[in-house]
Amino acid sequence: MYALVDGNNFYASCERVFNPALRHKAIVVLSNNDGIIIARSNEAKALGIKMGTPTFEIKDLIARQEVIAFSSNFALYGDMSRRMMHIFEDFTPDIEVYSIDEAFLDFSGFKQIDLKQTGIDLRRKVLKYIGIPVSVGFGPTKTLAKIANRIAKKYMKNGVALIDTPEKIEKALKMTPIDDVWGIGRRYTRFLQHHQVQTAWDFTRLPDAFIRKNMSVNGLRTKQELLGTVCIPMAYHPEPRKAIRTARTFAQTKSSYDELAEAISTFAATCARKLREQGSAANLVTVFIRTNKFDKKNPYYANNFTLQVNATSSSINLIKAAKTALQIIFKKGLNYKKAGVLVSGLIPETHRQLSLFDDQNIVKHKRLMQTIDQLNNSAGVSVVKFAAEGNFPLLQAAKKHPASSNTICWYNAKQYQSYVYVIKK
DNA sequence: TCTGGGGTCCTAGGACCC
DNA sequence: TCTGGGGTCCTAGGACCC
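In our numbering, the protein residues as written are 136 to 560.
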């Protein structure tokens, strides 16, 4: 048996932990730039606020304080998540961290265990030590555990549901709308409803050939999982990412190349840092930019360009490549609303092929990056960054006074069109 | 009129997840 | 006025190989 455990309204619950006065209040958590709603407490859901609602659509509710809105704080949520996962590990060592707020727990080694009681204990423990309410669903496959979790959340006062017999499977499938099945998204929901499939149970009545033809092998896996046959194995140890992406929607559009280049450089540096964190190097760098897709008055422009690089995790190399790609797709006279950098073709850093042209720099870059990472990690924030990233008011001062009191090191790496400098904490 | 057979690799697009 | 960010997998089709 597997359990799916997830934090109820996770981001909203995290905010609540630190402000108990918010209990029973309608609260929402907003995206980057406070653009849309990305999490809601039950009370906010009851007000009819949907996921993804643009914030401006509920600004009256916020102004009247009927809804309390928070800007997102992902550092906090990540920390809460780690602590929550740690508690899960007290119940079984075999866990798969599936997302920031949920994990699959493998209980197949526990033959004599009272799962229902285990779920209740787990819930109580997380609530006590972390302060986050969780729901626990048990099932013989991950897909059924997901369904059990939904039932736990919706109908069970103790937050725990167990699907462990053929009778319970059938009952659970019949009470689960097709769009609540893990693996069935918007498109397939529409398609299936068109074929008179309303519930998970209806779906399991479809012929395999029909599912295979219209929904690929994944659809078939979902059907088997719903019937109790494991097709989606546990992933106990996270694989290294195959692509890493950093992108932002801008609060204010950017139209000049320089402004955009600074943003792109920041994204590239972030990608580079994430690459180093997981010990990978990238062979491909993609840059994309787009204007406001909601703007009906002006023509929409979106483009991307991918450059091949010698496998690297150096911020310097990646910033340089990203800026080159940007030059190719940048068009003057447009107001850009969103931009991003994607690094892919990732390989383990240790497998990196030495190239004739850059092996001189690899060692230098490596030491520089290590030093920068150490400084930034120990400070907890970005105290060292590249001048190409811009947005650094001290840059001008540092240029004028390389040895000013708040500057302990000033390094101008002209050949990379970038600067590195270190500010005293 | 009629034009082999078998394979790999890569990419874009479309589906899904949180 | 104001609309998120970060991933994965599968498939079809094209390029290319012998």
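Positions of the beta carbon are idealized from the N, C-alpha and C atoms, including for glycine.
* 7 Å CB neighbourhood of Glu179 in its chain, flanking five on each side removed -> Strictly speaking, residue 179 in this sequence is Ala, with Glu absent from that position. Within the same chain, Ala179 has close Cβ partners Ala161, Ile162, Val163, Val202.
* According to DSSP, residues forming a beta bridge with Asn438 -> Ile424
* **Beta-carbon contacts of Asn439 that lie in its chain and below 7 Å, excluding the five residues immediately before and after** => Thr421, Val422, Phe423, Ile464
* How about Ile255 and Ala335: do their beta carbons lie closer than 8 Å? -> no
* Taking Thr459 as the reference, which of Ser400, Lys473, Arg425, Asp508 has the closest Cα? -> Measuring from the Cα of Thr459, the nearest candidate turns out to be Ser400.
* Asked: Can you pull the DSSP bridge partners for Ala204?
  -> Val163
* Asked: Of all the alpha helix (DSSP H) runs that stay within the bounds of the segment 167 to 252, which reach a length of 4 or more residues?
  -> 177 to 181, 194 to 198, 209 to 223
* If we ignore side chains and look at the alpha-carbon of each, how far apart do Val295 and Leu257 end up? -> 10 Å
* **Assigned secondary structure, Gly515 (DSSP; H/G/I helix, E/B strand, else coil)** => coil
* What does Gly475 pair with, by DSSP beta-bridge criteria? -> Ala382, Phe423
* For Asp416, which of helix, strand or coil comes out of DSSP? -> A small correction: the amino acid at residue 416 is Ala; Asp does not occupy that position in the sequence shown. Of the three classes helix, strand and coil, the one that applies to Ala416 here is strand, per DSSP.
* Asked: Looking only at its own chain, which residues have a Cβ that is under 8 Å from the Cβ of Arg218, when we skip the five neighbours before and after it?
  -> Tyr264, Ile265
* Write down every uninterrupted run of the alpha helix (DSSP H) in the segment 277 to 307 whose length is 4 residues or greater and which is fully enclosed by it, in chain order. => Qualifying alpha helix (DSSP H) stretches, in chain order: 277 to 290.
* If you draw a straight line from the C-alpha of Lys348 to the C-alpha of Glu374, how long is it? -> If I take the Cα positions, the gap works out to 30 Å.
* **Cβ contact check for the segment 351 to 371 and the segment 268 to 278: 3 or more pairs under 8 Å** => yes
* To do: For Val152, count neighbouring Cβ atoms within 10 angstroms of its own Cβ and tell me buried if that reaches 16, exposed if not.
  => exposed
* **Element boundaries [alpha helix (DSSP H), containing Tyr323]** => 321 to 329
* Asked: Are there 16 or more other CB atoms within 10 angstroms of the CB of Glu192, so buried, or fewer, so exposed?
  -> exposed
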